[in-house]
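Novice: Numbering (the working numbering), first residue to last: 980 to 1086.
I have a structure here, written as structure tokens, and I will follow up with some questions on it.
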Amino acid sequence: MSGDVVVLDFPFSDFQHAKRRPALVLHVFRTDVFIAQITSRAYRDEYSVPLDSQDFLEGGLQLSSLIRADFLITCAQSLVLYKVGRVHDKKLCEVINVTCAMLRGEA
């Protein structure tokens, strides 16, 4: 499941509201998934990783997007609505490396 692009009702940071959107599964912990938000909005910063059709091993998204390596949540796998694709291992590793850099405070 790591590397899968899934769709779920992703919570806003206030946890009062949510929006249905894609996310990249970074890791699976028993019955939970650790995921990074994906957006098609032009939100480009040092922790945004581009996601295009060639990054997919299977499936895909309609629009070129950005994986937000700084917008992460852990949630129950049961909250995942469906899978839309799977990225190449190289893309998954890139996102994990950017996430680690963010956690270390590196730009």
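Where a beta carbon is used, it is the ideal one built from N, C-alpha and C, also for glycine.
Alpha carbon to alpha carbon, what distance is there between Ser992 and Asp1034?
Specialist: Here residue 1034 corresponds to residue number 55 of the sequence shown, with the count starting at 1. Here residue 992 corresponds to residue number 13 of the sequence shown, with the count starting at 1. Each residue's alpha carbon lies about 28 Å from the other.
Novice: Pick out the complete beta strand (DSSP E) segments inside the region 998-1031, 3 residues or longer, and give them in chain order.
Specialist: As far as the region 998-1031 is concerned, its whole beta strand (DSSP E) runs of at least 3 residues are 1011-1018 and 1027-1030.
Novice: Using the rule of at least 16 other Cβ atoms within 10 Å of the residue's Cβ for burial, across every protein chain shown, is Leu1082 buried or exposed?
Specialist: On the sequence shown, residue 1082 is found 103 positions in, with the first residue counted as 1. Leu1082 should be labelled exposed.
Novice: Using CA atoms only, rank isn't needed, just tell me which of Met980, Tyr1026 and Lys1070 is closest to Asp1011.
Specialist: Residue mapping note: residue 1011 aligns to position 32 of the sequence shown, counting from 1. When each option's Cα is compared against that of Asp1011, the closest is Met980.
Novice: If you measure between the beta carbons of Val954 and Arg1065, is that distance less than 9 Å?
Specialist: Given a span of 980 to 1086 for the chain in the structure shown, any question on residue 954 remains unanswerable.
Novice: Assign Gln1016 to one of two classes, buried (16 or more other C-beta atoms within 10 Å of its C-beta) or exposed (fewer than that).
Specialist: By 1-based counting over the sequence shown, the position of residue 1016 is 37. Gln1016 is buried by the Cβ-count criterion.
Novice: Look at the Cβ atom of Phe1013, then the Cβ atom of Arg1000, and state whether they are nearer than 9 Å.
Specialist: Counted from its first residue, the sequence shown places residue 1013 at position 34. Counted from its first residue, the sequence shown places residue 1000 at position 21. In this structure, Arg1000 does not lie closer than 9 Å to Phe1013 by Cβ.
Novice: For Leu1051 versus Thr1018, is the C-beta spacing smaller than 9 Å?
Specialist: Stepping through the sequence shown from its first residue, residue 1051 is reached at position 72. Stepping through the sequence shown from its first residue, residue 1018 is reached at position 39. No, these two residues do not count as a Cβ contact at 9 Å.
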